[in-house]
Amino acid sequence: AGGTKKQKMDDVNIYVYDQFEHARHNFLSVHDIDLRRWGLKKARELHLKDFQASEGWLWNFKYRHGISSRRITNGEKSTWGSVRSLGAATHTDTIQPTIAMDGSVLNPLYMCLKEPLGRIGDNVKKNLFHAKNIILTCSKSGKLTSSLVTYWVNQCLFPNLRSRTLLLVDSLPHQVHPEVYEGLKHFEYRVIPPKTTSMIQPLDVYYNRQHKKIVRRIYDHVRLDEININLSKLLRFLEFHRNLH
């Protein structure tokens with residue numbers, strides 16, 4: 026870790042750019058936080074204690090190397106990406122969280138897996154663990170059927186009911202039938218009109234964007250740092266969402 030401060034800074038910049046080139050060569054997305062993390066990692070190796078990977082350093086680094094953040098109005102016209110499993114990328118599962126009016130996320134999380142036979146195989150069941158904050162179901166499509174919506178009501182909604190409850194639901198066919206909510210006391214529900222979800226659906230305007238960003242950052246971190254974990258495997262997938270929720 027010898028050398029002058031300038032030499033160490035040059036080594037940091039070279040290392041970060043090499044990491045950036047390696048990631049882009051492998052079609053991996055790179056964010057500002059990744060550049061800063063790589064810089065801090067190399068600085069620690071070189072005992073460059075006063076290096077902070079500041080916004081100023083980041084701006085200068087990107088400017089020197091002609092790196093621009095991709096936006097709708099600038100950057101690459103097309104950006105390619107890489108996935109570990111094509112099946113996982115095209116696989117359809119349903120993750121249905123429930124949030125209260127104060128923004129708190131309610132337990133448990135409801136998950137519906139896509140299984141060709143509409144049920145989880147016996148071999149998979151043997152290795153599954155019980156997560157107290159997840160209710161796990163499955164269907165052939167990975168989407169909720171009327172019976173699975175009823176199951177969600179019984180397992181996730183009912184335990185969280187208070188003295189008076191108003192539920193806002195999407196206009197999906199199986200969620201809007203009154204018989205699904207029969208027997209619930211001091212309970213009303215309203216259906217969010219079609220094509221307005223992105224504007225007034227609480228999960229869409231508040232929760233989902235944060236959730237997806239956290240998920241994407243963790244997946245990118247695993248790929249960028251070549252951590253030997255396959256998050257598309259069912260057990261890892263369930264562990265991931267158990268801890269995230």
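So for the sequence shown, our numbering puts the first residue at 26; every next one is plus one. For glycine and all other residues, C-beta sits at the position ideal for the given N, C-alpha and C. On a predicted model such as this, the values are computed, not experimentally measured, just so you know.
Reduced DSSP category for R61 - H, G, I as helix; E, B as strand; rest coil | Correct three-state label for R61: helix.
Is C163 closer than 8 Å to L138 when the C-beta atoms are compared?
-> Note that the C-beta distance between L138 and C163 is below 8 Å.
Please classify Q226: does DSSP put it in a helix, a strand, or coil?
-> Coil at Q226, not helix or strand.
Pair within 8 Å by beta-carbon distance, T119 and M136 = The beta carbons of T119 and M136 sit closer together than 8 Å.
Beta-carbon separation of T175 and V205 under 8 Å?
-> Closer than 8 Å, so yes.
Could you please give me the residues that DSSP links to Y2 through a beta bridge?
-> As displayed, the chain neither begins before 26 nor continues past 270, which places residue 2 out of reach and without an answer.
Residue range of the alpha helix (DSSP H) that L153 falls in?
-> Premise fails: L153 is in no alpha helix (DSSP H) and is neither H nor E.
Could you check if Q44 is buried or exposed, using at least 16 other CB atoms within 10 Å of its CB as the buried criterion?
-> With 16 or more Cβ atoms within 10 Å of its Cβ, Q44 is classed as buried.
Drop a sphere of 10 angstroms on the beta-carbon of T29, count the other beta-carbons inside from all chains shown, and report buried for 16 or more, exposed for fewer.
-> It is exposed - the Cβ of T29 has fewer than 16 other Cβ atoms within 10 Å.
Going by DSSP, name the residue or residues bridged to M136.
-> Looking at the DSSP assignment, M136 forms a beta bridge with I120, L161.
Relative to the alpha-carbon of S93, which residue among W82, D127, D57 has its alpha-carbon at the smallest distance?
-> Distances from the alpha-carbon of S93 to those of W82, D127, D57 put D57 closest.
Check V37 in the structure and name its three-state DSSP category.
-> The DSSP-derived three-state label of V37 is helix.
Environment of F86 [buried if 16+ CB atoms lie within 10 Å] = F86 is buried by the Cβ-count criterion.
Taking DSSP as the reference, what is the three-state secondary structure of V201?
-> In the structure shown, the three-state DSSP call for V201 is coil.
Just how far apart, CA to CA, sit H266 and G64?
-> Using only the alpha carbons, I get a separation of about 30 Å.
Excluding sequence positions up to five away, which residues of its chain have a Cβ less than 6 Å from the Cβ of L209?
-> Residues of the same chain with their beta carbon placed closer than 6 Å to that of L209 are lacking, with the five preceding and five following residues left out of the count.
Below 7 Å CB to CB, which residues in the same chain sit around Y42 once its five sequence neighbours on both sides are set aside?
-> Sequence-distant Cβ neighbours of Y42 in its own chain, meaning closer than 7 Å and more than five residues away, are H90.
DSSP three-state assignment for V194, whether helix, strand or coil = Strand.
Candidates V55, Q32, R261, K31, of which the one nearest D250 by Cα = Residue V55 is the option with its Cα nearest to D250.
Between T115 and the rest of its own chain, which residues show a CB-CB distance below 7 Å, the 5 nearest in sequence each way excluded?
-> In this prediction, T115 scores a pLDDT of 48, lower than 50, which makes its location untrustworthy; no coordinate-derived value is stated.
Compute the distance between the beta-carbons of P122 and L228, then report whether it is under 8 Å.
-> For P122 and L228, yes; Cβs fall inside 8 Å.
Which partner residues of K213 appear in the DSSP bridge assignment?
-> Here the sequence assigns Glu to residue 213, which means Lys is not the residue at that position. Beta-bridge pairing links E213 to L191.
Residues in its own chain within less than 8 Å of Q226 by CB, not counting five upstream and five downstream?
-> Within the same chain, Cβ atoms closer than 8 Å to the Cβ of Q226 are found at L193, D195, I217, the five residues on either side in sequence being excluded.
Limits of the alpha helix (DSSP H) - the one that G81 falls within | For G81, the enclosing alpha helix (DSSP H) stretches over residues 80–89.
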